[in-house]
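Chains as they are written, first to last, in the working numbering: chain A, 3 to 321; chain B, 39 to 366.
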Amino acid sequence: MHSGVRRYLLRRAGFAVLLVFAVSSASLLLARLAPPGDAFGTDPAVLAAERHRFGIDRPLGEQYLDWLSRILRFDFGESMRFRRPVAALIRERAGNTAMLGVTALALATVVGLPLGVFTGSRSRHPLATVARIGSIAVLSMPSLVTSLVLLLLAARTGWFPAGGLPKIPADANVLESAALTARYLFLPALALALPMAAAIERLQSRAMREALNEPCILAATARGVPHHRVVWRHALRLSLKPVLAIYGIIIGSALSGSFVVEIVMSWNGLGDLMYQGLQSRDLYLVAGCATAGSVGLALGILASDVALTAIDPRTEESV
Amino acid sequence: MSRTTRAGIACAFLIAATALAAPIIAPHDPGRQFPDLGYAPPMRPHIFDDDRRAHPPFIYPLKLVDRLEHRFVEDRTTRVPLEWFSAGTLVTTNESRGPWLVLGADPLGRDIFARVVLGARLSLGVSVSAAVLAILLGAILGALAGYCGATVDILLMRAADFVLVLPIIYVVIVLRATMPLVLDTWTVFWTMTVILGLAGWPYPARGVRAVVAAERRKEYAEAARALGAGPLRILLRHLLPAAQGFLAVQVTLLVPAFILAEATLSFVGFGFAEPTPSWGVMLHEAGQAGALSDAPWLLAPAAAIVLTVLSLHLISSGLADPYAADNM
Numbered sequence: 003m004h005s006g007v008r009r010y011l012l013r014r015a016g017f018a019v020l021l022v023f024a025v026s027s028a029s030l031l032l033a034r035l036a037p038p039g040d041a042f043g044t045d046p047a048v049l050a051a052e053r054h055r056f057g058i059d060r061p062l063g064e065q066y067l068d069w070l071s072r073i074l075r076f077d078f079g080e081s082m083r084f085r086r087p088v089a090a091l092i093r094e095r096a097g098n099t100a101m102l103g104v105t106a107l108a109l110a111t112v113v114g115l116p117l118g119v120f121t122g123s124r125s126r127h128p129l130a131t132v133a134r135i136g137s138i139a140v141l142s143m144p145s146l147v148t149s150l151v152l153l154l155l156a157a158r159t160g161w162f163p164a165g166g167l168p169k170i171p172a173d174a175n176v177l178e179s180a181a182l183t184a185r186y187l188f189l190p191a192l193a194l195a196l197p198m199a200a201a202i203e204r205l206q207s208r209a210m211r212e213a214l215n216e217p218c219i220l221a222a223t224a225r226g227v228p229h230h231r232v233v234w235r236h237a238l239r240l241s242l243k244p245v246l247a248i249y250g251i252i253i254g255s256a257l258s259g260s261f262v263v264e265i266v267m268s269w270n271g272l273g274d275l276m277y278q279g280l281q282s283r284d285l286y287l288v289a290g291c292a293t294a295g296s297v298g299l300a301l302g303i304l305a306s307d308v309a310l311t312a313i314d315p316r317t318e319e320s321v
Numbered sequence: 039m040s041r042t043t044r045a046g047i048a049c050a051f052l053i054a055a056t057a058l059a060a061p062i063i064a065p066h067d068p069g070r071q072f073p074d075l076g077y078a079p080p081m082r083p084h085i086f087d088d089d090r091r092a093h094p095p096f097i098y099p100l101k102l103v104d105r106l107e108h109r110f111v112e113d114r115t116t117r118v119p120l121e122w123f124s125a126g127t128l129v130t131t132n133e134s135r136g137p138w139l140v141l142g143a144d145p146l147g148r149d150i151f152a153r154v155v156l157g158a159r160l161s162l163g164v165s166v167s168a169a170v171l172a173i174l175l176g177a178i179l180g181a182l183a184g185y186c187g188a189t190v191d192i193l194l195m196r197a198a199d200f201v202l203v204l205p206i207i208y209v210v211i212v213l214r215a216t217m218p219l220v221l222d223t224w225t226v227f228w229t230m231t232v233i234l235g236l237a238g239w240p241y242p243a244r245g246v247r248a249v250v251a252a253e254r255r256k257e258y259a260e261a262a263r264a265l266g267a268g269p270l271r272i273l274l275r276h277l278l279p280a281a282q283g284f285l286a287v288q289v290t291l292l293v294p295a296f297i298l299a300e301a302t303l304s305f306v307g308f309g310f311a312e313p314t315p316s317w318g319v320m321l322h323e324a325g326q327a328g329a330l331s332d333a334p335w336l337l338a339p340a341a342a343i344v345l346t347v348l349s350l351h352l353i354s355s356g357l358a359d360p361y362a363a364d365n366m
């Protein structure tokens with residue numbers, strides 16, 4: 003690997019670590035600033051005892067340092083609402099969110115990218131016009147609206163379960179449980195994927211149009227390379243950069259989006275857990291969820307940076 | 039300007055006018071509960087009665103036939119004429135004989151149309167003022183970064199990158215959660231404006247920085263400096279106008295994002311609260327278990343959101359990329 007590339011990736015990794023650190027500290031500080039909830043009841047004696055047990059009665063700086071030193075050992079403290087270690091709760095829920103997010107991301111890429119290549123390279127084709135209008139319409143439908151509409155459809159038609167997690171029977175084999183999971187996963191993943199797919203399509207379409215105007219594409223065409231090969235081999239590679247560059251933001255939006263989708267579709271994930279934590283002002287639970295979310299985000303951004311340098315080693319931090 | 043852009047502008051203008059004239063357009067008070075009309079379906083106006091005789095537009099009042107299944111029938115024996123420009127509203131009916139629920143009623147028997155129209159004031163008010171704040175912040179910080187360059191530039195743009203990748207809803211919700219749960223409507227309004235503005239500034243800032251950094255080396259900027267203009271004058275009079283077009287596009291991108299943010303926040307209970315009508319609050323009611331499949335018209339605010347966002351998207355894609363819009 004070229005040393006400049008290595009330096010660039012190292013710098014991005016540093017950014018990712020900083021992101022996790024800042025988000026987790028900020029969420030702890032902010033949650034601490036929040037007025038206390040009623041998780042402990044109203045009896046002042048019980049309240050004081052519990053506040054001491056969770057260390058909220060200590061000065062902020064001391065509490066923060068203590069939390070920081072424990073977080074390095076993957077100890078996120080205890081949830082006040084569930085009376086269980088936060089780390090265990092997060093482990094249970096993070097898998098669900100990851101499954102939802104990765105499925106949606108894959109779905110959005112598989113649909114959005116080829117569509118964008120198509121609409122960008124054949125912009126006068128009637129189907130391209132349909133796709134373009136479709137994605138502008140879908141872009142205007144946030145995950146919140148899409149999931150409510152899908153929920154309504156599910157309730158009316160009964161084709162798909164209206165929210166919730168699958169209850170996999172103990173005697174189901176791998177194939178059966180996978181099919182069951184896919185059935186439950188479909189609607190939430192669709193609600194999350196649609197706006198992302200539309201965003202990817204729009205971006206890829208524009209990048210494709212710009213790539214096709216590059217001199218090297220003209221050269222390839224002049225050498226007699228068939229049109230579909232020019233589009234799918236040469237121009238595609240040139241045009242992938244903008245889409246890959248915003249994958250970090252797309253992953254961020256997947257996290258934001260899944261927060262809403264999980265609540266609407268009662269998908270028991272991290273977003274839903276954080277929501278419960280916020281409602282009961284559960285300090286360590288909120289901070290833990292935010293940390294877990296930012297770790298996912300940082301990993302996603304890093305992955306997109308690595309992919310960017312693989313596509314185009316000239317990549318600088320300008321993107 | 040393409041046809042679609044013009045359609046978007048017309049639509050956005052209509053929505054804004056509706057929001058401004060909401061008290062005149064809404065036929066009823068948004069908090070008014072009509073007894074026995076919970077879950078009432080949308081009512082359509084008639085011109086012909088059952089004997090095929092034409093009348094001025096009228097409605098048949100609804101009668102509850104099954105309280106458990108929320109079934110209603112039109113009472114065909116009485117006609118309730120629509121009254122134009124009476125009681126300070128555009129069109130209404132004699133409420134004692136039967137209210138006209140254009141988009142039906144919510145579970146508490148409140149007029150959904152009135153709530154959507156009045157909710158537009160809050161939802162659009164928050165998003166437009168937050169967009170203005172984000173644009174102001176972004177223009178100032180972006181101009182600073184572009185003009186000063188060096189360390190200021192690096193620090194500001196790193197901060198912008200940082201805010202940019204954060205999942206905005208998490209940030210907004212955690213920020214909102216630091217405040218007391220129950221706040222009055224105006225406090226919520228301004229809190230949300232400030233929080234969204236703080237979350238949105240990097241988008242305009244990055245573009246303004248790029249424009250200012252490029253323009254400040256051009257001859258006219260050098261000429262202004264040679265004539266003795268101070269940095270502030272150069273920025274405000276000479277460089278920032280170059281970013282005008284970019285900022286106009288940003289408004290049409292930020293407002294939809296903030297409309298969605300308001301809806302999401304109120305939906306999860308950290309924004310406006312019952313009984314204040316805002317689009318997010320109404321969606322929260324629609325999301326309650328069972329309500330939706332009984333009364334799909336509870337999704338009316340979702341339609342309002344989609345329509346507003348769509349018209350703004352049409353404008354922005356026309357402004358930002360005339361080529362794409364021409365091809366639509």
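Cβ coordinates follow ideal geometry from the N, Cα and C atoms, glycine included.
Predicted model only: the values in this text are computed from it and were never measured.
**Report entry** I138 (chain A), enclosing alpha helix (DSSP H) - first and last residue
**Finding:** Numbered from 1 along the first sequence, position 136 holds the residue referred to as residue 138 (chain A). I138 (chain A) -> alpha helix (DSSP H) spans P128 to L141.
Report task. Output, in chain order, the set of chain A residues within a Cβ distance shorter than 7 Å of G325 (chain B). Result -> Counting from one through the second sequence, the residue named residue 325 (chain B) turns up at place 287. L150 and V266, listed in chain order.
Requested in this report: Could you check what DSSP says for F110 (chain B) in three-state terms: helix, strand or coil?
Outcome: To locate residue 110 (chain B), count along the second sequence from 1; it is residue 72. Here F110 (chain B) sits in strand by DSSP.
Requested in this report: Hey, could you find the ends of the beta strand (DSSP E) K101 (chain B) is sitting in?
Outcome: Residue 101 (chain B) sits at position 63 when you count from the first residue of the second sequence. Residues L100 to D104.
Requested in this report: Can you tell me which of the three DSSP states P119 (chain B) falls into?
Outcome: Residue 119 (chain B) sits at position 81 when you count from the first residue of the second sequence. Three-state result, P119 (chain B): strand.
Report task. State yes or no: is the beta carbon of V233 (chain A) nearer than 8 Å to at least one beta carbon in chain B? Result -> The residue given as residue 233 (chain A) occupies position 231 in the first sequence. Answer no: the Cβ-Cβ gap between V233 (chain A) and chain B never drops below 8 Å.
Requested in this report: Please determine if the region 138-146 of chain A and the region 335-350 of chain B are in contact, where contact requires at least 3 C-beta pairs separated by less than 8 Å.
Outcome: yes
**Report entry** Cα-Cα separation, L189 (chain A) to L238 (chain A)
**Finding:** As a position in the first sequence, residue 189 (chain A) is number 187, starting the count at 1. As a position in the first sequence, residue 238 (chain A) is number 236, starting the count at 1. Going by the C-alpha atoms only, they are around 30 Å apart.
Query raised in the report: So which residues of chain A does V2 (chain B) contact, with C-beta pairs closer than 7 Å?
Result: Residue numbering for chain B in the displayed model covers 39 to 366; residue 2 (chain B) lies beyond these limits and cannot be assessed.
Report task. Answer with yes or no whether the minimum CB distance from S26 (chain A) to chain B is below 8 Å. Result -> Taking the first residue of the first sequence as position 1, residue 26 (chain A) is located at position 24. It does not: the Cβ of S26 (chain A) has no partner Cβ on chain B nearer than 8 Å.
Requested in this report: Report yes or no: do the region 105-118 of chain A and the region 199-211 of chain A share at least 3 C-beta pairs separated by less than 8 Å?
Outcome: yes
**Report entry** Among A:A89, A:M198, A:E64 and A:G79, nearest to G250 (chain A) - alpha-carbon criterion
**Finding:** Along the first sequence, one-based indexing puts residue 250 (chain A) at 248. Closest by alpha carbon: A:M198.
**Report entry** Nearest-angstrom Cα separation, counted from W239 (chain B) out to L337 (chain B)
**Finding:** As a working mapping, residue 337 (chain B) is identified with position 299 in the second sequence. As a working mapping, residue 239 (chain B) is identified with position 201 in the second sequence. Near 31 Å, if we compare the C-alpha coordinates of W239 (chain B) and L337 (chain B).
Query raised in the report: Between the Cα of T223 (chain B) and the Cα atoms of B:R159, B:G283 and B:E260, which residue gives the shortest distance?
Result: Residue mapping note: residue 223 (chain B) aligns to position 185 of the second sequence, counting from 1. Checking every option, the nearest Cα to that of T223 (chain B) belongs to B:R159.
Query raised in the report: Is P99 (chain B) closer than 8 Å to G142 (chain B) when the C-beta atoms are compared?
Result: Locating residue 142 (chain B) in the second sequence gives position 104, counting from the first residue. Locating residue 99 (chain B) in the second sequence gives position 61, counting from the first residue. Cβ atoms of G142 (chain B) and P99 (chain B): not closer than 8 Å.
Query raised in the report: Of all Cβ atoms in chain A, is any one closer than 8 Å to the Cβ of P334 (chain B)?
Result: Residue mapping note: residue 334 (chain B) aligns to position 296 of the second sequence, counting from 1. So yes, P334 (chain B) belongs to the interface.
Requested in this report: Locate the beta strand (DSSP E) running through F96 (chain B), then write down its first and last residues.
Outcome: Numbered from its first residue, the second sequence carries residue 96 (chain B) at position 58. Residues A92 to I97.
Query - Option in A:L285, A:R93, A:I303 and A:D314 with minimal Cα separation from S26 (chain A) - result: In the first sequence, residue 26 (chain A) corresponds to position 24, counting from 1. Measuring from the Cα of S26 (chain A), the nearest candidate turns out to be A:L285.
Query raised in the report: So, using beta-carbon positions, are V387 (chain B) and A281 (chain B) closer together than 8 Å?
Result: The displayed coordinates of chain B run from 39 to 366. Any statement about residue 387 (chain B) would go beyond what the structure contains.
Query - For E312 (chain B), three-class secondary structure by DSSP - result: One-based indexing of the second sequence puts residue 312 (chain B) at position 274. DSSP places E312 (chain B) in coil when its eight states are reduced to three.
**Report entry** Test: P87 (chain A) CB closer than 8 Å to a CB of chain B
**Finding:** As a first step, residue 87 (chain A) must be located in the first sequence, where it is residue number 85. Closer than 8 Å: no.
Query raised in the report: Going along the region 114-144 of chain A in order, which residues come within less than 9 Å of chain B, judged by CB to CB distance?
Result: S125, R126, A130, T131, R134, I135, I138, A139, L141, S142, M143 and P144
**Report entry** Cβ neighbours of R86 (chain A) in the same chain (closer than 8 Å, five flanking residues each side left out)
**Finding:** Here residue 86 (chain A) refers to the residue found at position 84 of the first sequence. Hits under 8 Å: E80.
Query - L345 (chain B) versus I53 (chain B): straight-line alpha-carbon distance, rounded - result: In the second sequence, the residue the question calls residue 345 (chain B) occupies position 307. In the second sequence, the residue the question calls residue 53 (chain B) occupies position 15. Computed Cα separation, rounded: 9 Å.
Query - Given I63 (chain B) as reference, the closest of B:F72, B:W122 and B:R82 once Cα atoms are compared - result: In the second sequence, the residue the question calls residue 63 (chain B) occupies position 25. It is B:W122 whose Cα lies nearest to the Cα of I63 (chain B).
Query raised in the report: If you count every other CB in all the chains shown that lies within 10 Å of the CB of Y258 (chain B), and 16 or more means buried, which is it?
Result: Here residue 258 (chain B) is taken as the residue at index 220 of the second sequence, counted from 1. With fewer than 16 Cβ atoms within 10 Å of its Cβ, Y258 (chain B) is classed as exposed.
Report task. Name, in chain order, the residues that DSSP records as bridge partners for A143 (chain B). Result -> Numbered from 1 along the second sequence, position 105 holds the residue referred to as residue 143 (chain B). Partner(s): B:D149.
Query raised in the report: For the region 212-283 of chain B, which segments carrying the alpha helix (DSSP H) assignment without a break, of at least 4 residues, lie completely within its bounds, in sequence order?
Result: 223-238, 240-253 and 257-264
Query raised in the report: Would you say T189 (chain B) faces chain A, with C-beta separation under 8 Å as the test?
Result: Numbered from 1 along the second sequence, position 151 holds the residue referred to as residue 189 (chain B). Answer no: the Cβ-Cβ gap between T189 (chain B) and chain A never drops below 8 Å.
Query raised in the report: By the 10 Å Cβ neighbour count, where 16 or more other Cβ atoms means buried, how is E264 (chain A) classified, buried or exposed?
Result: Here the question's residue 264 (chain A) lines up with position 262 in the first sequence. With 16 or more Cβ atoms within 10 Å of its Cβ, E264 (chain A) is classed as buried.
Query - Member of B:D88, B:L102, B:A237 and B:I97 whose CA lies at the smallest distance from the CA of L120 (chain B) - result: As a first step, residue 120 (chain B) must be located in the second sequence, where it is residue number 82. The candidate whose alpha carbon is nearest that of L120 (chain B) is B:I97.
**Report entry** Burial state of C218 (chain A), where buried means 16 or more other Cβ atoms lie within 10 Å
**Finding:** Here residue 218 (chain A) is taken as the residue at index 216 of the first sequence, counted from 1. When all chains shown are included, C218 (chain A) counts as exposed.
Query raised in the report: Are the C-beta atoms of G226 (chain A) and some chain B residue less than 8 Å apart?
Result: Position 224 of the first sequence holds residue 226 (chain A). No, G226 (chain A) lies away from the interface with chain B (no Cβ there is under 8 Å from its Cβ).
Query raised in the report: Tell me the DSSP bridge mates of E323 (chain B)?
Result: Position 285 of the second sequence, counted from the start, is the residue given in the question as residue 323 (chain B). According to DSSP, which records beta bridges pairwise, E323 (chain B) is partnered with nothing at all.
Requested in this report: Can you grab the Cα-Cα spacing for the pair R90 (chain B) / H84 (chain B), in whole Å?
Outcome: For the purposes of this step, residue 90 (chain B) is taken as residue 52 along the second sequence, with counting starting at 1. For the purposes of this step, residue 84 (chain B) is taken as residue 46 along the second sequence, with counting starting at 1. R90 (chain B) and H84 (chain B): Cα-Cα distance of roughly 11 Å.
Requested in this report: Please report how far the alpha carbon of D364 (chain B) lies from the alpha carbon of L70 (chain A), in whole angstroms.
Outcome: Numbered from 1 along the second sequence, position 326 holds the residue referred to as residue 364 (chain B). Numbered from 1 along the first sequence, position 68 holds the residue referred to as residue 70 (chain A). Only weak support is given to the placement of D364 (chain B): the predicted model assigns it a pLDDT of 39, under 50, and the value that follows is read from those uncertain coordinates. Roughly 55 Å separates the two Cα atoms.
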